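Numbering (the working numbering), first residue to last: 2 to 159. Ideal placement from N, C-alpha and C gives every residue a C-beta, glycine not left out. Just so we're clear, the structure is a prediction, and the values are computed from it rather than from any experiment.
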Amino acid sequence: MATIPITKRGAEKLKTELHHLKTVERPSVIQAIAEARAQGDLSENAEYEAAKDRQGFIEGRIIEVEGKLSAAQIIDPTSVDAGGRVVFGATVDLEDEKTGDNVTYQIVGEDEADLKLGLINISSPIARALIGKEEGDTAEVQAPGGLRRYEVVAVRYL
């Protein structure tokens with residue numbers, strides 16, 4: 002199985018979710034199944050079916066999160082020394098050459114990506130265009146609206 006890059010913060014988020022699934026969600030659904038069984042005839046028991054479906058989802062998510070954590074390569078951006086180059090975990094300040102707008106992105110793993118928070122997936126077109134660039138370089142990104150050019154203003158490892 003290939004390793005999956007993830008930041009320290011992302012790994013902690015997955016560990017928290019796993020703990021919640023195992024200690025809160027799993028016991029809750031087991032209780033719901035027990036209560037539905039106590040009502041008698043299971044063949045026409047909607048609560049039982051719903052609880053079993055929920056249990057299947059929870060168990061599937063537990064397996065998925067455990068798999069991601071076991072394959073995770075945890076990277077602490079603060080300990081990265083890439084000599085000013087854009088790498089996984091780097092926070093990059095960009096300027097759109099056409100509009101002059103400034104944006105800041107951190108390149109993170111798939112499970113951590115949230116564009117509203119400025120966290121972009123390592124496999125996204127913009128992240129792929131930025132990898133290996135340094136301050137002053139220009140990155141060209143094929144966006145749905147056409148080709149966009151960004152100047153790398155700053156690269157930080159936070």
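DSSP beta-bridge partners of residue i
i, result
"GLY147", "ALA144"
"LEU116", "Its beta-bridge partners do not exist; DSSP assigns none."
"ALA155", "ASP94"
Separation of residue j from residue i, as counted between CA atoms
i, j, result
"ASP164", "GLU96", "The requested residue 164 does not occur in the structure, where the chain is confined to residues 2 to 159."
"GLY51", "LYS99", "For clarity, residue 51 is Ala in the given sequence; the question names Gly instead. Straight-line Cα distance between these residues: approximately 52 Å."
"GLU67", "ILE123", "21 Å"
"ALA37", "GLY61", "21 Å"
"ASP54", "GLY146", "41 Å"
"GLU18", "ASP82", "30 Å"
"ARG150", "ILE75", "31 Å"
"ILE127", "VAL142", "6 Å"
"ALA114", "THR79", "18 Å"
"ILE5", "SER29", "31 Å"
"GLY57", "ALA72", "23 Å"
"ALA140", "ALA3", "28 Å"
Beta-carbon contacts of residue i that lie in its chain and below 7 Å, excluding the five residues immediately before and after
i, result
"GLY85", "GLU135, GLU136 and VAL156"
"THR119", "Note that residue 119 is Gly in the sequence shown here, rather than Thr. Within the same chain, GLY119 has close Cβ partners THR105, TYR106 and GLN107."
"LEU43", "TYR49"
Beta-carbon contacts of residue i that lie in its chain and below 8 Å, excluding the five residues immediately before and after
i, result
"GLU48", "ALA33, GLU36, ALA37 and GLN40"
Checklist entry - Can you give, in chain order, each stretch of the alpha helix (DSSP H) that sits fully within the segment 69-131 and has at least 4 residues? => result Within the segment 69-131, complete alpha helix (DSSP H) segments of at least 4 residues are found at 126-131, given in chain order.
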